[in-house]
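Participant: There's a structure below that I have some questions on.
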Amino acid sequence: MLSDSRFSCRLTGICVSLLATIAAGCASVPDSVEIVETEEIAAIVTAVDQSQRLVTVRGPQGDEVTLEAGPEVRNLAQVQIGDIVRVVYEQAYIATLTDAEEVSPSVPVTVGAIRAEEGERPGAAIGSVVTMSVKIESVGPGGLTVTFSGPDGQLTAIYVRREESQAFVRSLRPGDIVELTFAEALAIMVEPM
């Protein structure tokens, strides 16, 4: 059995490893942009109904919500009033200019998941990485918009909000092939008070 701190490290590890996988390929490529965002929320357990498998938590704004712990949730009996339920959501977007001459028809998806072992405090994590290439059709003034076509040929136009992304988009030309990678990971863990 792993200690609670080791399990928390494993949960965080799945998030980090998925994001690191795509970031590693980006580090040495000058014609790319990477955006990573992390959201975290902690709630305090205010009630536990073991027979109904219900856990009530109070969020940072004082609002309470009751959650049902399905049969796949292990070790619910270890959850106590006052424990902290921590939820971490991470997402990363990476766009890289490639030397490819056409869009790849495949869209590979990688998924990973982990949950608490018997005897550990409840927790789980899941993550996914999706990669696809797109063809740049047009770039708007100042890099504020970009239109591209994906593997299915469908046109998509997006507004580019971040300055670092706008700088990347300004460097693009119609006909360029860009590899887009999106990764996201969610970890939920229960920590003692």
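Numbering (our numbering), first residue to last: 1248 to 1440. We treat Cβ as the ideally placed atom computed from N, Cα and C, and that holds for glycine.
1) Could you give the residue range of the beta strand (DSSP E) that holds alanine 1316?
2) If I'm right that leucine 1314 touches alanine 1372 with Cβ under 8 angstroms, what's the distance once you round it to whole angstroms?
3) Extract the residue ranges of the alpha helix (DSSP H) inside the stretch 1336-1366, only unbroken runs of 4 or more that lie entirely within it.
4) May I ask you to report which of helix, strand or coil DSSP gives leucine 1391?
5) Let me know the secondary structure DSSP gives valine 1326 once reduced to three states.
6) Can you give me the C-alpha to C-alpha distance between valine 1334 and glutamate 1364, rounded to a whole angstrom?
7) Taking its Cβ as the centre, do 16 or more other Cβ atoms sit within 10 Å of glycine 1366, making it buried, or is it exposed?
8) Going along the chain, which residues of its own chain have a beta-carbon closer than 6 angstroms to the beta-carbon of glutamine 1325, five neighbours each way excluded?
9) On the three-pair Cβ rule with 8 angstroms, is the stretch 1391-1410 touching the stretch 1289-1296?
10) Please classify valine 1412 as buried or exposed, where buried requires at least 16 other C-beta atoms within 10 Å of its C-beta.
Facilitator: According to the structure shown:
1) Unbroken run through alanine 1316: none, as it is neither H nor E.
2) For a cut-off of 8 angstroms, the C-beta gap from leucine 1314 to alanine 1372 is around 17 angstroms, too long to register as a contact.
3) You should have found no qualifying run.
4) Note: leucine 1391 maps to coil in three-state DSSP.
5) In the three-state reduction of the DSSP assignment, valine 1326 falls in the coil class, being assigned neither a helical nor a strand state.
6) Going by the C-alpha atoms only, they are around 18 angstroms apart.
7) With a 10 Å radius around the Cβ and a threshold of 16 neighbouring Cβ atoms, glycine 1366 comes out exposed.
8) Within the same chain, glutamine 1325 has close Cβ partners Arg1368.
9) Two segments are said to touch when three or more pairs of C-beta atoms, one from each, lie closer than 8 angstroms; by this definition the stretch 1391-1410 does not touch the stretch 1289-1296.
10) Looking at the sequence shown, residue 1412 is not valine but serine. Under a 10 Å Cβ-count criterion, serine 1412 is classified as buried, with 16 or more other Cβ atoms of the shown protein chains found around its own Cβ.
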